[in-house]
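J.:
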């Protein structure tokens, strides 16, 4: 005769401890709510900082001019163009429209919501793996200061705006 299975109850007919359900994780929920509030607060702060924007306009963050250690680095389109030609044009082509060596930076793949300025800084400093195009990996670009990269980024963003990328 087969043996009977023991009851899941423990000594004294007490119920075994219940497993937590995934919906009961209050801590994770609170962290999510706090992060969302922080993001909303940051956006609201940007809106207040641009308080002179009219209704219906999108508030743009106010970017303080960068102080550079190199007096020759000027935050202007001409300086950005010069630095781009010297350090980037070989692969990314004239006016960042691409070449046989590298992808166009004036493209929706590189708009700020997809590739942030920080991504450009990191690509220059560390290189970047091939992921959108078939040009191979991007090697680091030595000898370009973070300030100069910032000037180049502003130049590229200006070209992207003019082309309607964003």
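Numbering (our numbering), first residue to last: 11 to 176.
Every residue, glycine too, gets a C-beta built ideally from N, C-alpha and C.
Here the structure is a predicted model, which is why all the values come from computation and not from measurement.
1) To the nearest whole angstrom, what separates the beta carbons of residue 106 and residue 166, a pair I think is in contact under 8 Å?
2) Looking only at its chain, what residues have a beta carbon closer than 7 Å to the beta carbon of residue 95, apart from the 5 residues adjacent to it on each side?
3) Just the Cα atoms here: how many angstroms apart are residue 171 and residue 154?
4) Is the CB of residue 147 under 8 Å away from at least one CB in chain B?
5) Who are residue 148's beta bridge partners in DSSP?
6) Within 7 Å: the Cβ of residue 92 and any heavy atom of the ligand MN?
7) Could you please give the first and the last residue of the uninterrupted alpha helix (DSSP H) stretch that includes residue 167?
8) Compare the Cα-Cα distances from residue 158 to each of 134, 143, 141, 118 and report the closest residue.
9) Excluding the 5 residues preceding and the 5 following residue 140 in the sequence, name in chain order all residues of the same chain whose CB lies nearer than 6 Å to its CB.
10) Please state the DSSP three-state secondary structure of residue 175.
11) According to the neighbour-count rule (16 or more other Cβ atoms, all chains shown, within 10 Å of its Cβ), is residue 124 buried or exposed?
12) Can you give the Cα-Cα distance for residue 156 and residue 163, rounded to whole angstroms?
13) Taking all protein chains shown into account, do 16 or more other C-beta atoms lie within 10 angstroms of the C-beta of residue 113, making it buried, or fewer, making it exposed?
T.: Per the coordinate set shown:
1) Within the chain shown, residue 106 is the residue found at index 96, counting from 1. Within the chain shown, residue 166 is the residue found at index 156, counting from 1. 5 Å between Cβ atoms; contact.
2) On the chain shown, residue 95 is found 85 positions in, with the first residue counted as 1. Annotation for residue 95: no residue places its beta carbon closer than 7 Å to its own, counting only its chain and skipping 5 residues before and after.
3) Mapped onto the chain shown, residue 171 falls at position 161. Mapped onto the chain shown, residue 154 falls at position 144. A direct Cα-to-Cα measurement between residue 171 and residue 154 gives close to 24 Å.
4) No chain B appears in the structure shown, which is made up of a single protein chain.
5) Here residue 148 refers to the residue found at position 138 of the chain shown. Under the DSSP definition of a beta bridge, residue 148 partners with 138.
6) Inclusion of the ligand MN in the displayed structure is not the case, the ligand content being empty and no account of it being possible.
7) To locate residue 167, count along the chain shown from 1; it is residue 157. For residue 167, the enclosing alpha helix (DSSP H) starts and ends at 156–172.
8) Position 148 of the chain shown holds residue 158. Closest by alpha carbon: 134.
9) The count along the chain shown starts at 1 and reaches residue 140 at position 130. Apart from sequence neighbours up to five positions away, the residues of its chain that approach residue 140 with a beta-carbon distance below 6 Å are 146, 147, ordered along the chain.
10) Working through the chain shown from its first residue, we reach residue 175 at position 165. If DSSP states are grouped into helix, strand and coil, residue 175 belongs with coil.
11) By one-based count along the chain shown, residue 124 stands at place 114. That one is exposed.
12) Here residue 156 is taken as the residue at index 146 of the chain shown, counted from 1. Here residue 163 is taken as the residue at index 153 of the chain shown, counted from 1. Cα to Cα, the separation comes out at about 10 Å.
13) The residue labelled residue 113 in the question sits at position 103 within the chain shown. By the Cβ-count criterion, residue 113 is buried, with 16 or more other Cβ atoms from all chains shown falling within 10 Å of its own Cβ.
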